[in-house]
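S.K.:
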Amino acid sequence: MADALPGALIAKLQAQGTPTLVGNSNEVKVDAPGHLYLGINEGQTPPCKGSFAVKVHRQAQAASSRGSVLKEQLATAAEIFAEGQFGIGSSNATTAPALKISNTPLDAGLRKDIDGLPRRVNDQFKNLGDMVNFVLIGSEKQVQSALDAANFHVADTSDKKAVLEAAMTTYESKDYLAMPMSMLYLFNRPQDFGYEQAEAIAMVASRHHFRLWKAPFTWNGQTVWVGAGTHDIGFAKDKRNGNVTHKIDPNVDGERENIGSSLQKGGQVKSISYYLPPNPVQDAKNATGDGYHSDGRLLVVFMQ
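Residue numbers for the sequence shown, in the working numbering: 10 to 313.
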């Protein structure tokens, strides 16, 4: 922070957020779930040696206020569930803002690499599922920073961990935003990362989510990430085993647009393009038996 003294204590509420001066003390209002990052205001050369002892006092939201928020969240979850499950009530599908699409054609080498990608992912039984509908180009750090700024949360990887996390966040009066995501496969391996975006509580019935795989090729020395995203809108019977699973919005292009607009809004994207590969996926079923449709295009996102 140029306007704070060297060596001062500073804080951020997002990994890539704007820092604020703490100094001897400061009160910070938190409007959304997140993490508190504390650090020292320094440039390339630390101004001094030593350490700080920091005391953080968290003033919880009033019980009455928390209760009203919980009621709103439950009402939203119920409305989303009714719309997705039974087709009643007002639609809660997210209308993504119009994307700013680049007019510059994709590099021929990149087009060739994308043409060679599998069109769909599969489950552990080799059942074909969700379509590959977007590509991110940038380092792991750039991609994670951009997704953090876009308000996507890393999904838990196991139900056991989810139970513990949900219990702890409930005890601490926080919102649980990392519901587990099943493993799907691309390039003969499970996803490297799973990300989701949803309102607390409503996440049980509805969430925007996707899986990411590191591609086996790079472009101009940059890492390429391949993604498959869908929007959960309710519950359905898993055609493989009869168990209950999430039901997806059959218009999977809506989730593709949500991912693009969220990243664009986060402000860490250089450009976004559409690309229609040969033999595009336009009508198919996911691994659990839900049908979906698409115009077949992939969204190609270049990170800053």
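Each residue gets a CB set at the ideal place from its N, CA and C atoms; glycine is no exception.
What you are looking at is a predicted structure, and each value in this text was computed from that prediction instead of being measured.
1) Just the C-alpha distance for L285 and D258, rounded to the nearest angstrom, thanks.
2) Return helix, strand or coil for K150, following the three-state DSSP convention.
3) Roughly how many angstroms separate the alpha carbons of E266 and L137, rounded to a whole number?
4) To the nearest angstrom, how far is it from the Cα of R128 to the Cα of V141?
5) Can you tell me the Cα-Cα spacing of A171 and D132, whole angstroms?
6) Can you give the Cα-Cα distance for W228 and K58, rounded to whole angstroms?
7) Take the Cβ of V233 as the centre, count every other Cβ of all protein chains shown within 10 Å, and call the residue buried at 16 or more, exposed below.
8) Please report the straight-line C-alpha distance between K135 and L193, rounded to a whole angstrom.
9) Assuming R256 and D241 form a contact by the criterion Cβ under 8 angstroms, report the distance between their Cβ atoms to the nearest whole angstrom.
10) In whole angstroms, what is the alpha-carbon distance linking I110 and A164?
11) Taking DSSP's pairing of strands, which residues face K223 in a bridge?
12) Using 9 angstroms as the threshold, is the C-beta distance between I123 and V152 below it?
13) Give the DSSP-derived three-state secondary structure of E266 in the structure shown.
14) When the Cα of N197 is compared with those of P225, D262, H302, Q206, which residue comes out closest?
15) DSSP three-state label for S271, please.
M.R.: Reading off the structure:
1) Position 276 of the sequence shown, counting from 1, holds the residue named residue 285. Position 249 of the sequence shown, counting from 1, holds the residue named residue 258. Taking the straight line from one Cα to the other gives about 21 angstroms.
2) Translated into the one-based positions of the sequence shown, residue 150 becomes position 141. Here K150 sits in helix by DSSP.
3) For the purposes of this step, residue 266 is identified with residue 257 of the sequence shown, where counting begins at 1. For the purposes of this step, residue 137 is identified with residue 128 of the sequence shown, where counting begins at 1. Looking at the two C-alpha atoms, the distance is approximately 23 angstroms.
4) Start at 1 with the first residue of the sequence shown, and residue 128 comes out as number 119. Start at 1 with the first residue of the sequence shown, and residue 141 comes out as number 132. C-alpha separation (whole angstroms): 5 angstroms.
5) Counting from 1 along the sequence shown, the entry for residue 171 is found at position 162. Counting from 1 along the sequence shown, the entry for residue 132 is found at position 123. Here A171 scores only 44 on pLDDT, less than 50, and its place in the model should not be relied on; the value that follows carries that caveat. Their backbone Cα atoms lie some 21 angstroms apart in a straight line.
6) In the sequence shown, residue 228 corresponds to position 219, counting from 1. In the sequence shown, residue 58 corresponds to position 49, counting from 1. Answer to the nearest angstrom: the Cα atoms are 42 angstroms apart.
7) For the purposes of this step, residue 233 is identified with residue 224 of the sequence shown, where counting begins at 1. V233 should be labelled buried.
8) Here residue 135 refers to the residue found at position 126 of the sequence shown. Here residue 193 refers to the residue found at position 184 of the sequence shown. The alpha-carbon atoms of K135 and L193 are separated by roughly 9 angstroms.
9) Counting from one through the sequence shown, the residue named residue 256 turns up at place 247. Counting from one through the sequence shown, the residue named residue 241 turns up at place 232. Sequence check: residue 256 is Lys here, not Arg. That pair is a contact at about 7 angstroms.
10) As a first step, residue 110 must be located in the sequence shown, where it is residue number 101. As a first step, residue 164 must be located in the sequence shown, where it is residue number 155. Answer to the nearest angstrom: the Cα atoms are 29 angstroms apart.
11) Here residue 223 is taken as the residue at index 214 of the sequence shown, counted from 1. Answer is W234.
12) Residue 123 sits at position 114 when you count from the first residue of the sequence shown. Residue 152 sits at position 143 when you count from the first residue of the sequence shown. Taking 9 angstroms as the Cβ cut-off, I123 and V152 do not qualify as a contacting pair.
13) One-based indexing of the sequence shown puts residue 266 at position 257. Reduced to three states, the DSSP call for E266 is helix.
14) For the purposes of this step, residue 197 is identified with residue 188 of the sequence shown, where counting begins at 1. Residue P225 is the option with its Cα nearest to N197.
15) Along the sequence shown, read from residue 1 onward, the residue named residue 271 stands at position 262. In the structure shown, S271 sits in a helix (DSSP, three-state: H, G or I).
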